[in-house]
Amino acid sequence: MEKSMQSHYVGTAVIMAGGLGLRINQHIDNKPKGFIDIDGVTLIERSINIMKKHGIRRFIIGTGYQSPYYEKLAEKIPHILLKKNPIYARTSSFYTLFNLRELITEDFLLLESDLLFEEKAIQYLQQHNEKNVVLASGRTHSRDEVYIETDDRGILVKMSKDREILGRVDGELVGITRLSLQRFQQICAAYQADESTAEKIDYETALTTISATHPIRVDRIEDLIWTEIDMVSHLDRAKNTIYPRIKQKETGRT
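Printed below as a string of structure tokens:
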């Protein structure tokens, strides 16, 4: 890494891995979604390996459902910190993140655990000049898209699975975000006195709410190859379409 490039890098990744995965867990032996195996490597290990290549040295994982899987992972891979969301079964993604607030002490990359993505996603955010960036892609036709609306400056306005409630669609949420410690603390402060709301909302809602007063940028990589794996159709798509494309692009092999 060149010195000028290193100055933009963050050294910590925060991974949200508390979800039940109700739409797919019976098809993956009731494992956490991060332990879905693609070509002999779990999603979580693949994500960690990519991030290590691009300067991430510390991993904070918010667990919940089937947390012992992550405990075993932390025994195998150094520099992983775990904290379980004790009420994961009745809370949404933001509370798993909110529950990590005492462990997060610097700027970080925020990831969902059920992602399969090409290396370019991490490289792009690590080299970004802005400290707060939501990564978006072009159209995926995945049938479970989270659409993003921005203003004319590229600042996050709204996210929703219902594109009809957006003023316009400027991209699809990938599930990888760069956040400054300051912005994260501002998000947490907004819900500190109202944990009942923090328990109910998705992290997308928290990002959108704070962006109204403390802007968060959205950047779109039009041709990014990626998918979340949240249902059986996603898993089929990951194995048969997305992973072969990633493998061909990153290794030159089919």
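Residue numbers 1412 to 1665, in our numbering, belong to the letters of the sequence shown in order. All C-beta atoms, glycine included, are put in the ideal place defined by N, C-alpha and C.
Close-in-space but distant-in-sequence residues of the same chain around Y1654 (CB under 7 Å, 5 per side omitted):
I1449, D1450, L1527
Mind checking who L1433 pairs with in its DSSP beta bridge?
In DSSP, L1433 forms no bridge with anything.
Straight-line Cα distance separating G1432 from T1616
19 Å
Got a sec? Which residues, its chain only, sit under 8 Å from T1608 by beta carbon, not counting five neighbours each side?
Y1602
Report the CB separation of G1445 from I1435 in whole angstroms; it is logged as a contact under 8 Å.
About 12 Å; that fails the 8 Å criterion.
Taking the alpha helix (DSSP H) that F1509 belongs to, which residues open and close that run?
1504-1509
Considering only the alpha carbon of each residue, which of Y1420, R1648, E1482 lies closest to E1554?
Contrary to the premise, residue 1554 reads as Arg rather than Glu in this sequence. Closest by alpha carbon: R1648.
DSSP three-state call for G1475: helix, strand or coil?
coil
Say whether the stretch 1467-1486 touches the stretch 1575-1589, bearing in mind that this needs 3 or more beta-carbon pairs closer than 8 Å, one atom from each stretch.
no
Rounded to the nearest angstrom, what separates I1632 and A1604 at their Cα positions?
37 Å
Where does V1585 fall in DSSP's three states?
strand
Below 8 Å, can you find three or more Cβ-Cβ pairs linking the stretch 1610-1625 to the stretch 1562-1578?
yes
For M1462, the nearest candidate out of K1495, R1501, L1522 (CA to CA)
L1522
Count the other C-beta atoms from every protein chain shown that fall within 10 angstroms of the C-beta of R1468, then say buried if there are 16 or more, exposed otherwise.
exposed
Do G1422 and T1474 have their C-beta atoms within less than 8 Å of each other?
no
I1498 versus Y1506: straight-line alpha-carbon distance, rounded
9 Å
Checking 8 Å against the spacing of the C-beta atoms, do V1545 and V1425 come in under that value?
no
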